[in-house]
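I have placed the structure first, in the form of structure tokens, so that the comments after it can refer back to it.
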Amino acid sequence: MARLAGALRARGVEHGDRVAMLADNSDRYVEYYFATLWAGGVILPINTRWSTAEVSGCIADAEPRLIIADDKYFEVATTIGTEQRLRVPALATSDWDAVIAESAAVEDARRSGEDLAALFYTGGTTGRAKGVMLCHRNFFANSMMHIANLGLTGRDAVHLHVSPMFHVAGGARLFSVTMAGATHAVLPNFEPDAFLSAVERHRVTVTVVVPTVLNRLVAHDDLDRYDLSSLRLLSYGASPMPESLLQRAMQRMPNIAFLQSYGMTELSPVATMLLPQYHAFEGPTRGTRGLPGSPCSNAEVVIMDANDVIVGPHVVGEVCVRGPMVMQGYWRAPQATAAAVRDGFMHTGDAGYLDERGFLFLVDRVKDMIITGGENVYSVEVENVLYQHPSVHECAVIGIPSDAWGEAVHAIV
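Residue 313 in the numbering used here sits at position 237 of the sequence shown, with consecutive numbering throughout.
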């Protein structure tokens, strides 16, 4: 790691410089995270699903010192790097071993907790992507919370990384797993048989997936053929989990505990968790299954009205979060930062409410609420009903213009 950091320094990376990565998950991606920070740089993971124009726009905005890419994306990185006139256009991960061999080790940059650690670009649903600035303190707070709630230890924990490391949900787990002294197992992307084989082969104990991935696992005809006995905890998040899917997953994998996380990139990324004991089908906690959970120990979660006044239980408003996980701000966008973070609270844009126990109930996105005939309709509620039909795998409910109702509820199945 120290020699790879030395290679970055030799290529002009100084304290605070961004180092971009355009690649699929790999052991090289893990090394990139830590070597960049060791050198004093700032992680800049690039979404491989973006178009060339979107990647170019991100590079132009972030102005990285260097682009690192695997063979699959190296030509794109080289072309874009040349267009943006970077000092060092691109470095191929296939040259990694040679680069390390020829580089001298350097001392850790020892950046402070408030120093910028990463830029994650987000905001596809709200227009132009914004760079979310996360500092070292943000990742430390997230890691401590994950280690405690996921039971990560150096004794037996093997974490399977399948979520893209260009997303903070995948990237942040690198820190918590490493800090716990646990083992990383990495897949370049998700494919059901490869995932299940990796769990069996590496004796994976913990992993994190999105509902779409879980749906493909549950629907796999040969799921029972694989030895999943080592897998004790499966955490999920990033998008709403249909209760019908969660129920099928728990029935097909009865010996695995489930844990839900709720948050966003701006929260580095987790603010609430629904722990395994609240996934019960019977008993006093059975009504909590499928909820985003309750606030993490380091998070203050409140519901605010349109005037930023905190409201009481069961009153729908905007979910707002304050704590050490809240981002520093949006890159070079002070107005957007001021609009999103007020009095230390990150305004998530999600509509929801808290009950008397402190459990969070999500209703919808604040801006996505459908007003039809004077009534408020939350798309997620309609989607949950649709998901109860066994033939529905994915759906989305939106509002469309209507002369009769103002807006009409429209489902895409």
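We put the CB at the ideal spot given by N, CA and C, even for glycine. Here the structure is a predicted model, which is why all the values come from computation and not from measurement.
Item	Value
Could you tell me whether the Cβ atoms of Pro264 and Asn101 are closer together than 8 Å?	yes
Restricting to runs no shorter than 4 residues, where is the alpha helix (DSSP H) found entirely within the stretch 257 to 316?	268 to 278, 287 to 294
What residue range does the alpha helix (DSSP H) around Ala177 cover?	172 to 177
I'd like the span of the alpha helix (DSSP H) that includes Val456, first residue to last.	455 to 462
Please look up how many angstroms separate the CB atoms of Ser320 and Gln464, rounded, as I've assumed it's under 8 Å.	5 Å
If Ala217 and Asn374 are in contact, beta carbons under 8 Å, what's the gap, nearest whole angstrom?	6 Å
Whole angstroms are fine: how far does the CA of Ala333 sit from the CA of Val275?	15 Å
Answer with buried or exposed for Gly200, where buried requires no fewer than 16 other C-beta atoms within 10 angstroms of its C-beta.	In this predicted model, Gly200 has a pLDDT of only 42, less than 50, meaning its place in the structure is not dependable enough to derive any value.
For Val392, which option in Arg398, Met380, Asp384, Gly399 has the closest C-alpha, if you only look at C-alpha atoms?	Met380
Who are Gly207's beta bridge partners in DSSP?	Tyr197
Going by C-alpha distance, which of Gly257, Val89, Ala180 is nearest Asp232?	Gly257
Give me the Cα-Cα distance between Val385 and Thr128, rounded to the nearest whole angstrom.	43 Å
Okay, do the stretch 412 to 422 and the stretch 397 to 404 touch, 3+ Cβ pairs below 8 Å being the bar?	yes
For Pro121, name the three-state secondary structure that DSSP assigns.	strand
Using three-state DSSP, classify Phe421 as helix, strand or coil.	strand
When the Cα atoms are used, what is the spatial distance from Leu192 to Glu107?	18 Å
Take the Cβ of Lys148 as the centre, count every other Cβ of all protein chains shown within 10 Å, and call the residue buried at 16 or more, exposed below.	exposed
Which residue wins for smallest C-alpha separation from Gln411, given the options Val262, Lys206, Ile122?	Lys206
On a CA-only basis, which of Leu195, Tyr302, Ser370, Ala472 is nearest Glu432? Give me that one, please.	Ser370
Is Asn331 buried or exposed, if buried means 16 or more other CB atoms sit within 10 Å of its CB?	exposed
Can you look up Cys396 in the DSSP assignment and give me helix, strand or coil?	strand
Within the continuous beta strand (DSSP E) that includes Ala115, where are the two ends?	Neither: Ala115 is in no beta strand (DSSP E) and is coded neither H nor E.
Using a Cβ-Cβ cut-off of 7 Å (strictly less than) and excluding sequence neighbours within five positions of Thr198, which residues of its own chain qualify?	Ala205, Lys206, Val208, Thr341
Compare the C-alpha of Thr254 against each of His355, Met241, Ile223 and name the closest.	Ile223
Which value, in whole angstroms, describes the spacing of the CA atoms of Cys211 and Gly92?	11 Å
Pull up the distance between the alpha-carbon of Ile122 and that of Thr154, whole angstroms please.	14 Å
Buried or exposed for Phe357, going by 16 or more other Cβ atoms inside 10 Å?	exposed
Which class does His222 belong to by DSSP, given the choice of helix, strand or coil?	helix
Pick helix, strand or coil for Tyr108, following the three-state DSSP scheme.	helix
For Pro240, count neighbouring C-beta atoms within 10 Å of its own C-beta (all shown protein chains included) and say buried if the count is 16 or more, exposed if not.	buried
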